[in-house]
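Data first, discussion second: the structure below is written as structure tokens.
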Amino acid sequence: MADQEVDAAPTLTEMMRRRAALTPDAPYFHLYGETVTYGRLWDTSARYAAGLARGGLRPRDTLALIYPTCAEFFFAFFGALRIGVVPVPLYPTLSVEATARIFNDCEAAAVATIGWFRKGVDESAALAPGVRAVLEPPDLDADAPPPVHAEPDPEDLAFLQYTSGSTGHPRGVMLTHRNVVSTIKFMAEAAGLTAEDRVVSWLPLYHDMGLIGCAFTPPLTRTPIWLLPPDLRNPRQWLEVCTEVRATFTVSPDFGYRNCLRHVRDITGLDLTSLRAALSGAETVRRSTVEAFESRFGLDRVISPCYGLAEATLAVAIWPRAVPLRLDPSGRFLSVGQPCPGVSVRILAPDGAGAEVPLGPGEEGEISVRSPGVMRGYYNNPEDTRKVLSPDGWLLTGDLGLVDKDGFLYVTGRLKDVIILAARTCPRPTSRRSWTWSTASDTRPPWGSRASAPGPSACTSSPRCAARARPPTSTTTSCARS
451 MADQEVDAAP
461 TLTEMMRRRA
471 ALTPDAPYFH
481 LYGETVTYGR
491 LWDTSARYAA
501 GLARGGLRPR
511 DTLALIYPTC
521 AEFFFAFFGA
531 LRIGVVPVPL
541 YPTLSVEATA
551 RIFNDCEAAA
561 VATIGWFRKG
571 VDESAALAPG
581 VRAVLEPPDL
591 DADAPPPVHA
601 EPDPEDLAFL
611 QYTSGSTGHP
621 RGVMLTHRNV
631 VSTIKFMAEA
641 AGLTAEDRVV
651 SWLPLYHDMG
661 LIGCAFTPPL
671 TRTPIWLLPP
681 DLRNPRQWLE
691 VCTEVRATFT
701 VSPDFGYRNC
711 LRHVRDITGL
721 DLTSLRAALS
731 GAETVRRSTV
741 EAFESRFGLD
751 RVISPCYGLA
761 EATLAVAIWP
771 RAVPLRLDPS
781 GRFLSVGQPC
791 PGVSVRILAP
801 DGAGAEVPLG
811 PGEEGEISVR
821 SPGVMRGYYN
831 NPEDTRKVLS
841 PDGWLLTGDL
851 GLVDKDGFLY
861 VTGRLKDVII
871 LAARTCPRPT
881 SRRSWTWSTA
891 SDTRPPWGSR
901 ASAPGPSACT
911 SSPRCAARAR
921 PPTSTTTSCA
931 RS
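Under our numbering, the first residue of the sequence shown is numbered 451, with each subsequent residue one higher.
Structure (structure tokens):
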């Protein structure tokens with residue numbers, strides 16, 4: 451078996467099986483001083499599969515996963531896939547009521563967790579009648595023979611990725627095996643990931659950027675990963691691990707890089723010059739952060755903006771390695787790059803008659819995406835699915851942006867945050883009502899920029915964008931600004 455066969459695997463389960471068969475002794479990830487090889491992952495996930503089956507889980511059941519960053523998360527995740535159960539990674543810090551809502555929404559048949567979170571999980575499960583069992587590692591690490599290995603179809607669900615809820619109630623994004631394996635292939639290509647790279651990540655495994663980008667993409671190229679807990683109270687730890695292992699690749703939201711600038715003033719013993727790429731996404735990418743971080747740590751053209759969302763299996767665009775950053779004509783927004791291979795992007799605006807019309811280069815409107823990674827829909831939510839997903843596979847992202855004449859994408863904001871007044875784009879008021887104003891209106895905008903500076907001068911021209919009443923998609927993986 452060659453690496454090409456791993457690349458050709460039609461499902462996430464089969465990709466990991468082939469990787470474990472080809473390189474069983476190669477490290478998958480390092481965590482808390484422990485190394486988990488692909489062979490160990492596959493062997494232990496078989497034991498967890500047996501434990502899940504013994505716990506009453508059957509194909510097509512959903513299994514909520516509430517874990518910190520730990521090896522048990524991976525054992526349970528792939529153990530579930532091996533018997534056709536759909537994993538549902540969840541934020542362990544949600545309230546009891548919010549967690550119960552997701553248990554009910556995803557129809558969780560069981561919850562896999564650890565003792566740290568057991569009390570809260572039990573309280574949430576008591577509010578979710580469908581949860582039949584709460585399972586900890588001693589319940590799952592079973593000596594029983596592994597059950598029959600499921601052979602999923604590429605169109606079967608791989609897992610449910612719940613949105614953060616920052617723009618509304620969390621919704622379960624249905625991601626198929628085809629969504630996942632297609633996306634990690636073009637992400638690896640766009641990011642230039644190879645077996646010689648060394649990835650360091652502190653991103654949580656319940657977040658699409660940490661899970662799909664940092665945990666599922668590296669096995670495709672046999673790239674080793676060093677995982678850290680998602681706690682940046684001491685950001686020096688992240689930089690020390692990058693220094694120690696000579697990391698070539700890391701990922702963080704902009705605030706992670708800013709946190710290092712604030713709290714790591716003594717850089718003695720830190721050497722980040724091995725980094726070839728450091729992606730920045732999940733929030734606004736600031737040019738000032740990029741320049742300050744690279745200056746502080748002696749880097750040049752290392753931090754790359756990226757853009758994506760859960761509904762597109764994370765990736766839409768990634769700025770290429772070692773290429774100078776690019777600003778839009780206004781000088782305000784950094785480009786997140788051209789769309790990844792196989793991804794199409796168009797910019798749309800309402801035509802006034804209930805339809806969307808495409809805009810030309812340089813015009814700001816709603817970003818719409820079509821790719822192999824676009825979700826099947828929201829779990830048990832056909833109404834919201836219809837509002838963002840067209841029959842021909844185009845996803846309305848809820849993000850504002852523009853594409854320049856060379857095909858570079860710029861993300862400029864969130865559609866839900868703006869209204870149109872007198873042909874100008876301004877933040878909408880606190881009312882949940884949707885607004886559309888005539889471009890002929892003499893009304894002057896009473897709201898200022900997103901920074902809350904009052905007055906019309908803070909607004910940007912965009913005569914054809916308007917907020918509409920539909921549920922927003924998840925928080926984006928970048929809104930790059932200077």
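The C-beta atom is built at its ideal place from N, Cα and C for all residues, glycine as well. All of these numbers come straight from a predicted model, not from anything done at the bench.
First through last residue of the alpha helix (DSSP H) which encompasses residue i
{"i": "residue 517", "result": "Residue 517 -> no alpha helix (DSSP H), and no H or E assigned at all."}
{"i": "residue 553", "result": "546-556"}
{"i": "residue 783", "result": "Premise fails: residue 783 is in no alpha helix (DSSP H) and is neither H nor E."}
{"i": "residue 833", "result": "832-838"}
{"i": "residue 761", "result": "Looking at the DSSP string, residue 761 is not in any alpha helix (DSSP H), and its letter there is neither H nor E."}
{"i": "residue 535", "result": "Segment: none, residue 535 is in no alpha helix (DSSP H) and carries neither H nor E."}
{"i": "residue 472", "result": "462-472"}
{"i": "residue 723", "result": "No alpha helix (DSSP H) contains residue 723, which DSSP labels as neither H nor E."}
{"i": "residue 715", "result": "Premise fails: residue 715 is in no alpha helix (DSSP H) and is neither H nor E."}
{"i": "residue 498", "result": "488-504"}
{"i": "residue 453", "result": "453-457"}
Alpha-carbon spacing of residue i relative to residue j, whole angstroms
{"i": "residue 553", "j": "residue 792", "result": "34 Å"}
{"i": "residue 458", "j": "residue 657", "result": "26 Å"}
{"i": "residue 629", "j": "residue 718", "result": "43 Å"}
{"i": "residue 564", "j": "residue 535", "result": "19 Å"}
{"i": "residue 521", "j": "residue 566", "result": "15 Å"}
{"i": "residue 916", "j": "residue 764", "result": "Low confidence applies to residue 916: its pLDDT is 37, below 50, so where it sits in the model is not reliable, and the reading given next is rough at best. Distance between the alpha carbons of residue 916 and residue 764: 25 Å."}
{"i": "residue 789", "j": "residue 771", "result": "14 Å"}
{"i": "residue 742", "j": "residue 711", "result": "8 Å"}
{"i": "residue 596", "j": "residue 604", "result": "23 Å"}
{"i": "residue 507", "j": "residue 685", "result": "40 Å"}
{"i": "residue 681", "j": "residue 786", "result": "26 Å"}
{"i": "residue 760", "j": "residue 795", "result": "16 Å"}
{"i": "residue 561", "j": "residue 752", "result": "40 Å"}
{"i": "residue 936", "j": "residue 526", "result": "With the chain covering 451 to 932 only, the question about residue 936 has no answer from this structure."}
{"i": "residue 465", "j": "residue 853", "result": "35 Å"}
{"i": "residue 453", "j": "residue 671", "result": "8 Å"}
{"i": "residue 601", "j": "residue 648", "result": "31 Å"}
{"i": "residue 612", "j": "residue 663", "result": "16 Å"}
{"i": "residue 519", "j": "residue 497", "result": "20 Å"}
{"i": "residue 591", "j": "residue 503", "result": "11 Å"}
{"i": "residue 456", "j": "residue 643", "result": "15 Å"}
{"i": "residue 782", "j": "residue 766", "result": "21 Å"}
{"i": "residue 687", "j": "residue 813", "result": "43 Å"}
{"i": "residue 776", "j": "residue 731", "result": "16 Å"}
{"i": "residue 833", "j": "residue 582", "result": "28 Å"}
{"i": "residue 715", "j": "residue 709", "result": "11 Å"}
{"i": "residue 808", "j": "residue 673", "result": "40 Å"}
{"i": "residue 578", "j": "residue 594", "result": "29 Å"}
{"i": "residue 545", "j": "residue 614", "result": "13 Å"}
{"i": "residue 805", "j": "residue 811", "result": "20 Å"}
{"i": "residue 754", "j": "residue 669", "result": "22 Å"}
{"i": "residue 858", "j": "residue 838", "result": "23 Å"}
Terminal residues of the beta strand (DSSP E) in which residue i lies
{"i": "residue 794", "result": "794-800"}
{"i": "residue 730", "result": "727-730"}
{"i": "residue 843", "result": "Unbroken run through residue 843: none, as it is neither H nor E."}
{"i": "residue 818", "result": "815-820"}
{"i": "residue 395", "result": "Residue numbering for the chain in the displayed model covers 451 to 932; residue 395 lies beyond these limits and cannot be assessed."}
{"i": "residue 861", "result": "859-864"}
{"i": "residue 807", "result": "806-808"}
{"i": "residue 479", "result": "477-481"}
CB contact flag (residue i, residue j, <9 Å)
{"i": "residue 491", "j": "residue 471", "result": "no"}
{"i": "residue 487", "j": "residue 499", "result": "no"}
{"i": "residue 558", "j": "residue 514", "result": "yes"}
{"i": "residue 631", "j": "residue 485", "result": "no"}
{"i": "residue 818", "j": "residue 847", "result": "yes"}
{"i": "residue 495", "j": "residue 523", "result": "no"}
{"i": "residue 619", "j": "residue 532", "result": "no"}
{"i": "residue 481", "j": "residue 676", "result": "yes"}
{"i": "residue 695", "j": "residue 678", "result": "no"}
Any non-hydrogen atom of the ligand ZN within 8 Å of residue i CB
{"i": "residue 850", "result": "In the structure shown, the ligand ZN is absent, as is every other ligand, since no ligand is present at all."}
Give the list of continuous beta strand (DSSP E) stretches no shorter than 3 residues that lie fully inside the stretch 642-703. 649-651, 675-677, 699-702
Quick test of the definition: if touching needs 3 or more C-beta pairs under 8 Å, does the stretch 581-588 touch the stretch 650-659? no
I want to know whether the stretch 697-714 touches the stretch 733-740 - three or more CB-CB distances under 8 Å. yes
Pairing CB atoms from the stretch 816-825 with CB atoms from the stretch 618-632, are three or more of them under 8 Å? yes
Beta strand (DSSP E) runs contained entirely in the stretch 562-649, provided each spans 3 or more residues: 583-585, 607-612, 622-626
Say whether the stretch 719-729 touches the stretch 746-760, bearing in mind that this needs 3 or more beta-carbon pairs closer than 8 Å, one atom from each stretch. yes
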